[in-house]
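Residue numbers (the numbering used here), protein chains in the order written: chain A, 589 to 871; chain B, 589 to 871. Following: one structure in structure tokens, then a few remarks.
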């Protein structure tokens, strides 16, 4: 039987807290240590029994076999080199939504091999330890980036962990990851934020929105509730890809605008029929 | 006990078919007659037992107490005057997503009072009789427009029907309806169509979208599967409001673009915090 590990979760919010639940349920951890700069979140994570105890990052590094980083990607890039400075043979795994900058930050670090860069494709629009959910990550994809730069044992344990919590693993170079993430995740969030701002700006009768909002509206706007502390650094770190997709999106919206302005039913029909092709991809 | 009525459903697709199920379950109908220009849909609606039988519109008008129109709004505007020409004391109810044009089309018709203009705020991205669902409309809002132009008995029965199938009723002038519908429904669909086109245009590796797509992406893009025959006329009939909201949306997206281009973290943070205010409205 696989020996269970002492696992530190740095950032016990939605992402880290939900992972902690799964690590315990799947018997991957002998002990779960929480680390959080937000003292209220740290306290809450213990109260909710997401982790066994909390301590400082330095103490957690010493007392763990595995250190999992579930923190905003700007803090990750700053923290990662100093964590690698301090470890012996611990495995360090991050769950960030962008990958090129964090991998770039420790490219030539002597402990590079202990680090495994991953992105589990799961989240909700809520945040903090109270948003942590049971059964998260199941049947979702996780991307492992630049796997060949990680030590074999670190990589193998990371894969074992993700399989055990029900994820299917894809491997990808960090650059390809950041490009695809812009399409399938980042642009959806920008669209939703901008849609919320549009409606809040134009529709002053908020009670009317509340009464009329249908499932379709909620579906497109729900991501607008997402945490800015998480998303600002994602957009900034993935600036080039995000801008590229965002410009295309504005240009696509402009086509809808022009077809309606010109009463061009044929063109509008073609645009919508084209969009319907998403059925092939999203069942 | 309220006498059950012979009800004709014109358009036995997602909207009309789902209503037919509810009308039967709530014992509002003594007979359900289907009318559909698409013979395959008509046949399917009988096979699925959404309606008891199908017939021509003219026959259905003669054999019904209530005629419910669940057809694309361009066809509705063309058909409505001729239906009013043919009725005696039947009630005519439409379920269209725009209201000003249909109401305008029969404004001075001698049978205006028999017509009740409504918009139940429910739908899915699927279409046709096979998309009809049980329990649709429950706990959703329905808007009745220009109620004072309808005869009292027609209005009262329509309200009775909607209450019986679990909807809460709002009354509104057609112009106000079309404005609010642009915010809480029409713009969401355009956003979703344009997002699908953006991703399909930029992301040539469709298998990658399929593997990586998370719940967030599916949520924002699912409306892009919606039926063009329904949505082209909605956008065109509500042109002025839709363009107004769409221009604001493009301008909001441009703010996101500019904040990222200029590495203006502060501004991007403010934009997202503003968007988070949608939490007040959508739980």
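We put the CB at the ideal spot given by N, CA and C, even for glycine.
- Where residue 847 (chain B) is concerned, the enclosing alpha helix (DSSP H) starts and stops at 827-849.
- Judged by DSSP in its simplified three-state form, residue 852 (chain B) adopts coil rather than helix or strand.
- Assigned with DSSP and collapsed to three states, residue 722 (chain A) falls in coil, not helix or strand.
- DSSP places residue 759 (chain A) inside the beta strand (DSSP E), whose first and last residues are 756-760.
- Here DSSP, grouped into helix, strand and coil, assigns residue 863 (chain A) to helix.
- By the rule that beta-carbons nearer than 7 Å mark a contact, residue 686 (chain B) does not touch chain A.
- In the three-state reduction of the DSSP assignment, residue 593 (chain A) falls in the strand class, which pools E and B.
- Of the residues assessed, residue 756 (chain B) falls on the exposed side of the cut-off, its CB having fewer than 16 other CB atoms within 10 angstroms.
- In the three-state reduction of the DSSP assignment, residue 707 (chain B) falls in the strand class, which pools E and B.
- In terms of beta-carbon proximity, residue 782 (chain A) lines the interface with chain B, with at least one pair separated by less than 7 Å.
- Around the beta-carbon of residue 690 (chain A), 16 or more other beta-carbon atoms lie within 10 Å, marking it buried.
- When secondary structure is reduced to three states using DSSP, residue 641 (chain B) falls in the strand class.
- Taking C-beta atoms as the reference points, residue 595 (chain B) and residue 604 (chain B) fail to come closer than 7 Å.
- Taking the CA atoms as reference points, residue 720 (chain A) sits about 14 Å from residue 631 (chain A).
- For residue 682 (chain B), DSSP records a beta bridge to B:657, B:705.
- The distance from the Cβ of residue 645 (chain B) to that of residue 681 (chain B) is about 15 Å, inconsistent with a contact at the 8 Å cut-off.
- In this structure the stretch 720-736 of chain B does not touch the stretch 825-845 of chain B; the number of beta carbon pairs closer than 8 Å is below three.
- Rounded to whole angstroms, the gap between the alpha carbons of residue 752 (chain B) and residue 614 (chain B) is 7 Å.
- Taking the Cα positions, residue 675 (chain A) is about 14 Å away from residue 739 (chain A).
- Residue 790 (chain A) has its alpha-carbon roughly 33 Å from the corresponding atom of residue 718 (chain A).
- With the criterion set as a beta carbon lying under 7 Å from some beta carbon of chain B, the members of the stretch 702-730 of chain A are 709, 710, 711, 728, 729, in sequence order.
- With a cut-off of 8 Å on Cβ pairs, the stretch 799-811 of chain A is not in contact with the stretch 695-703 of chain A, counting fewer than three such pairs.
- Residue 778 (chain A) and residue 847 (chain B) have their C-alpha atoms some 12 Å from each other.
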